[in-house]
Amino acid sequence: MHSLAIGQASAARHIDQNLAEDANAITERIPVYVAAYEFPPYYSSRLPHHFLGELIKALNARQVTYHFSIREVPPQERYSAISKNGCCDVIFFESETWRWSSEHEYTASAPLMHGADRMYSLQNDNWLPTDEDRVGGVVGYHYNYTQFDIDAGTSEQEFMMYRADSQLTLLNMLRNNRIQFAMFTDEFVHWLAVQNPELIEDLYAAPEADTVYTTQVLVGANSSIEFVELMELVNELFAEPEVIAALKYYGLQRLEQEHQVHAEGYTEQQQ
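Take 2 as the starting number for the sequence shown in the numbering used here and just add one per residue.
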């Protein structure tokens, strides 16, 4: 019994030593903070797993210089998040068309993913909401339907759009007839079609998208990691089997390389 106790104590010390070494290795890395907001399946704090989380794990496993971690921000504050005095270094799966301008200092990658916002309903007879109909959207999202104004008060008063905290909330509201139409992203619906197809049964999609976009990686001017170095890591990871499998799991598909801008064409955002 004494030898067993001694063996267990030795094993425990060995485990503790390994954990301490792992913790020291992480603290010695340069921290890189990734801004993220509610945008499933790319990221969602309401879900146990999301694609950004898988990508961050792969980034941390692939190299030992940097430690990537996610910091959630409200969608309307993502611009300041990677600014000079912001909390973060980089934001993934963002689009320059979402009101990024010359006052925001960042470098943008070529498009990674294609996406769209589209109106959904429980009926398929009419896609022009009346004055009595309520349309659901997400806080901080840009829609053509609201002329790209993200103010919740303006959305409700001028367009009868109710702004909820997530697309999952909108789905429940639509199912419970609290709204007559809801704006979902193609990525969100594709993910549900793969993982929970019963959740989108009997839902109809508008024949035309509200908006179409491509998502990119935006790196702040004061980022802890250089843009070129980060994109080399990201592009390598997108060719790895585990990341390819994660894309399939979340119903996502990366844009074909031949449709992307070459790396040497990346420049500081000037528009």
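Where a beta carbon is used, it is the ideal one built from N, C-alpha and C, also for glycine.
Only a predicted model underlies this, so the values are computations on that prediction, with no experimental measurement involved.
- Counting every other CB atom within 10 Å of its CB across the protein chains shown gives residue 218 a total of 16 or more, marking it as buried.
- Residue ranges of uninterrupted alpha helix (DSSP H) with 4 or more members, entirely inside the segment 50-76 and ordered along the chain, are 52-63.
- For residue 154, no beta strand (DSSP E) run applies; the uninterrupted alpha helix (DSSP H) run containing it begins and ends at 153-160, by DSSP.
- Between residue 251 and residue 42, the C-beta gap is smaller than 8 Å, which places the two residues in contact.
- Per the Cβ contact rule, the segment 106-120 is not in contact with the segment 165-175 (fewer than 3 Cβ pairs under 8 Å).
- DSSP, reduced to helix, strand and coil, places residue 83 outside both helices and strands of the structure shown, so it counts as coil.
- For the beta strand (DSSP E) assignment, the uninterrupted runs of no fewer than 3 residues enclosed by the segment 212-259 are, from N- to C-terminal side, 212-221.
- The alpha-carbon separation between residue 39 and residue 137 amounts to approximately 15 Å.
- In the three-state reduction of the DSSP assignment, residue 107 falls in the strand class.
- Proximity of the segment 117-129 to the segment 64-78 falls short of the contact definition, fewer than three beta-carbon pairs being nearer than 8 Å.
- Here residue 92 is near residue 35, since their CB atoms are less than 8 Å apart.
- Under the DSSP definition of a beta bridge, residue 206 partners with 121.
- DSSP places residue 180 outside both helix and strand once states are collapsed to three, so it counts as coil.
- Rounded to the nearest angstrom, the gap between the Cα atoms of residue 128 and residue 85 is 43 Å.
- Take the alpha-carbon of residue 97 and the one of residue 111: they are about 11 Å apart.
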